[in-house]
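**Student:**
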Amino acid sequence: MTSDQLAGTVIGLIGAALVGGATTLPGMPGQQIGPSVFPAVIGSGLILCGILIALGVGQSLEDDAVTPNEDGTAAPPTKFSLPVAVMRAGLPLALLIFYVTTVKVLGFLIVAALIVAILALALGARPLPAVLLAAAASPLTHFVFGKLLRVPLAPGLLPPPW
Amino acid sequence: MDTFLEALRLVGQPDVLLTILIASIYGLVVGALPGLSATMATALLVPITYYMSPIAAVAAIVSASGMAIFAGDIPGCLLRIPGTPASAAYTDEAYTMTRKGQPELALGICLWFSALGGIVGTIALSVLAPTLAEFALSFSTFEYFWLAFLGLMCATLVARASPIKAIASMLLGLAIACIGVENPAGVPRFTFGVPDLLGGIDVIAALVGMFAVSQVMNAMLTPDPPPVPKRRMGSILAGQIALTRRYPVQQARGNLVGIAVGALPGAGADMAAWISYSISKRFSREPKKFGTGHPEGLVEAGASNNAAVASAWVPALIFGIPGDTITAIAIGVLYMKGLNPGPTLFTQNASSMYAIYAIFLIANIIMIPLGIMMIRAASQVLRVPRAYIMAVVLLLCAVGTFASGNNLFAITTAAAFGLIGFTMERFGFPVAAMVLGIVMGTMVEQNFVTSLIKSDGSVLPFVQRPVSMILATMTIAALLWPVVAWLIRRRNGAGVAVSA
């Protein structure tokens, strides 16, 4: 299965789910047009797109057109094996979920410092600068957001002195 | 005159001026760092604008985004890595000039013609917007539906990816906008029983996820960019006056194309730069010099993309339809600050409008001195290891999305959209089209459903009014364009095969 066939199938299934989900929505009393119309239209469009993508239509247009990332570069090949690549790419997400699940208990200062230190190390920073960066970035961020902008960042185990 | 003085008073507040300065420096630094785009700079700024006065909030967005678009040229020129997609069109040209030993000249062109382009774009914004606003007062839901739809279609044309994948991205964005209770009947739709989803997907969290978290994920897999060679920069502005005299047509054409493309809903600075660069090449007397470090294309594309940054605010202010991903964010900020986009904004809030024009002017004027400083500091800024930058960016993603609603669920949303954005990029689906879908979904649905109810389910009234007919034609043309392009190419391809 090529990546386009996979992508097309997923898109088509999302479209089908949307159309299916739309039929379960309640209508508006005395109206033919309700909350189900829009998702049904989009879902149908997605099914059509899914089929076209899976069939490879439009690939000829893609060939010489670059698919840029947000920074305008095409995705370069990676030197990591697939499992390692998945783990590396998943690390930032895992760190965000770590923040969500632990910040209330551990507190912002500790969690923020851990996130910065772990990610910097994973990206190849040397240990001492990574720890120093974490020790500086965490309180500084707390000062700007927690103190100046009054965002209620959780104090947890280590409440900041301000 | 009174409204004008009031506008000057609004902009002259110390907090507004200070905001412009700080946001400008922030935009310059973030835009100059490879991998951190202008959209991301703007998205991460939004949570902070919650705590500002309305004019200061707009000032922050305007100055940071304009500076970031210019600053994206710096790594493009020095490292051949465009800082923002809008710089990608002429990165090779600028980098070739650097290799020829003219980085000052290349960056000077980017700065000088960006600033001038921004000023011309601002003048266009101040002339076009009120005129169009008067016209827009007569628009009904049919016209708004087509305008929004046209914007979405333009967004898929900008993508430079497979048009079908771009349309699929856009539709996925619209589908995501369906989540929540904000629909014609006010019933929970696709919330899967999760209370946090009742209010719909948090747009800021989605933006931060797709533009920032996904870039951190990318950084985990790609090697560090090469270090910037140390070099002493000569005078940055030397020779710019001569170039302005030498290429007046190119500059004016770049400005005009930028204004026109920016004012189209859905098409922004990226598209303007690509179009202008190719126009410049096509009409040049020395097209062979393009790609060999020739300033002509740089002049035209640089003049174009910053003009588009300003004129992209035209559809945003009048119709609430974003010109690009940056104005998509700005619209959210405008609503939040009670400056609801719409034609009446110009009658009820005229002083705020003048204030926005003034902010654009100030930002583009101080771009020149601040830009020169940034270019001189670039070799230092670009030497900060990516590991440090990305680690701090991820922390800011978490804090920023949390601050936008004091809700931890927003961070989960950002993580989810980081994954979505990352995956889509790997499969060649453009992320910007999806973002516009998410931002405009509610508006498209509202106008679509209201129109359908008014027309009693008939499609005919959608094309009966003259303006809606024109807009419908444009939209369908945009929709069919990929098919036509494909047919033309096929025919040409067949012709080549036969002649061979």
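If you read the sequences in order, they're chains F and R.
Just so we're aligned, residue -12 is where the first sequence starts under the numbering used here, counting upward by one.
Just so we're aligned, residue 45 is where the second sequence starts under the numbering used here, counting upward by one.
A virtual CB, placed ideally from N, CA and C, is assigned to each residue, including glycine.
This structure is a prediction, so every number in the text was calculated from the model and none was measured.
#1: For residue 5 of chain F, which residues of its own chain have a beta-carbon under 8 Å away from its beta-carbon, when the five flanking residues on both sides are left out?
#2: For residue 7 of chain F and chain R, any beta-carbon pair shorter than 8 Å?
#3: According to the neighbour-count rule (16 or more other Cβ atoms, all chains shown, within 10 Å of its Cβ), is residue 46 of chain R buried or exposed?
#4: Do you know whose CA, among R:145, R:424 and R:199, lies nearest residue 523 of chain R's CA?
#5: Does residue 13 of chain F come within less than 8 Å of chain R when only Cβ atoms are used?
#6: At a CB-CB cut-off below 8 Å, which residues of chain R make contact with residue 83 of chain F?
#7: Checking contacts by CB at 8 Å: is residue 329 of chain R closer than that to chain F?
#8: In the DSSP assignment, the alpha helix (DSSP H) including residue 156 of chain R goes from what residue to what residue?
#9: List, in chain order, every chain F residue whose beta-carbon is nearer than 9 Å to that of residue 505 of chain R.
#10: Per DSSP, what are the beta-bridge partners of residue 233 of chain R in this structure?
#11: Reducing DSSP to helix, strand and coil, say where residue 105 of chain F ends up.
#12: Output needed for residue 336 of chain R: all residues of its chain with C-beta closer than 7 Å, excluding positions within five of it in sequence on either side, in chain order.
#13: Near residue 435 of chain R, which residues of its chain fall below 8 Å by C-beta distance, leaving aside the five closest residues on each side in sequence?
#14: Between residue 156 of chain F and residue 12 of chain F, is the Cβ-Cβ spacing less than 8 Å?
#15: Residues in the same chain with beta-carbon distance under 7 Å from residue 1 of chain F, minus the five sequence neighbours each way, listed in chain order, please.
#16: Could you check how far apart the C-beta atoms of residue 350 of chain R and residue 113 of chain R are, in whole angstroms? I think they sit under 8 Å.
#17: Secondary structure at residue 455 of chain R, three-state DSSP: helix, strand or coil?
#18: Decide if residue 398 of chain R is buried, meaning its Cβ has at least 16 other Cβ atoms within 10 Å, or exposed.
#19: Roughly how many angstroms lie between the CA atoms of residue 73 of chain F and residue 441 of chain R, to the nearest whole one?
#20: Using a 10 Å radius around the Cβ and a threshold of 16 neighbouring Cβ atoms, would you call residue 70 of chain R buried or exposed?
#21: Assuming residue 472 of chain R and residue 218 of chain R form a contact by the criterion Cβ under 8 Å, report the distance between their Cβ atoms to the nearest whole angstrom.
#22: Nearest to residue 69 of chain F by CA position, among R:265, R:68, R:437 and R:180, is which residue?
#23: Between which two residues does the alpha helix (DSSP H) holding residue 340 of chain R run?
#24: In the structure shown, what three-state DSSP assignment does residue 382 of chain R receive?
#25: If we define contact as Cβ-Cβ less than 8 Å, is residue 72 of chain F a contact residue for chain R?
#26: Go ahead and pull the three-state DSSP assignment for residue 240 of chain R.
#27: Quick one: does residue 43 of chain R have its CB under 8 Å from some CB of chain F?
#28: Measure the alpha-carbon distance for residue 106 of chain F versus residue 348 of chain R and round it to whole angstroms.
#29: Taking Cβ positions only, does residue -10 of chain F come closer than 8 Å to chain R?
#30: Rounded to a whole number of angstroms, what is the C-alpha to C-alpha distance between residue 155 of chain R and residue 88 of chain F?
#31: If you draw a straight line from the C-alpha of residue 518 of chain R to the C-alpha of residue 190 of chain R, how long is it?
#32: Report the residue from R:195, R:205, R:99 and R:160 whose alpha carbon sits nearest the alpha carbon of residue 40 of chain F.
#33: At which residues does the alpha helix (DSSP H) containing residue 408 of chain R begin and terminate?
#34: Assign residue 279 of chain R to one of three DSSP states: helix, strand, or coil.
#35: Distance, Cα to Cα, residue 140 of chain F vs residue 126 of chain F?
#36: Contact criterion: CB-CB distance below 8 Å. Does residue 92 of chain F meet it with respect to chain R?
**Tutor:** Looking at the atomic coordinates:
#1: 26, 27, 29, 30 and 33
#2: Cβ-Cβ to chain R under 8 Å: no for residue 7 of chain F.
#3: exposed
#4: R:199
#5: yes
#6: 257, 438, 441, 442, 455, 456, 458, 459 and 462
#7: It does not: the Cβ of residue 329 of chain R has no partner Cβ on chain F nearer than 8 Å.
#8: 147 to 180
#9: Near residue 505 of chain R there are no residues of chain F at all, since even the closest Cβ is about 13 Å away, more than 9 Å.
#10: R:224
#11: helix
#12: 140
#13: none
#14: Any property of residue 156 of chain F remains undetermined from this structure, which presents chain F solely from -12 to 149.
#15: 33
#16: 6 Å
#17: helix
#18: buried
#19: 21 Å
#20: buried
#21: About 20 Å; that fails the 8 Å criterion.
#22: Nearest to residue 69 of chain F by alpha-carbon distance, out of R:265, R:68, R:437 and R:180, is R:265.
#23: 339 to 355
#24: coil
#25: yes
#26: Reduced to three states, the DSSP call for residue 240 of chain R is helix.
#27: Beyond the ends of chain R as shown, which are 45 and 544, falls residue 43 of chain R; an answer cannot be given.
#28: 38 Å
#29: Yes - at least one Cβ of chain R is within 8 Å of the one on residue -10 of chain F.
#30: 45 Å
#31: 9 Å
#32: Comparing Cα-Cα distances from residue 40 of chain F to each of R:195, R:205, R:99 and R:160, the minimum goes to R:205.
#33: 394 to 425
#34: coil
#35: 11 Å
#36: no
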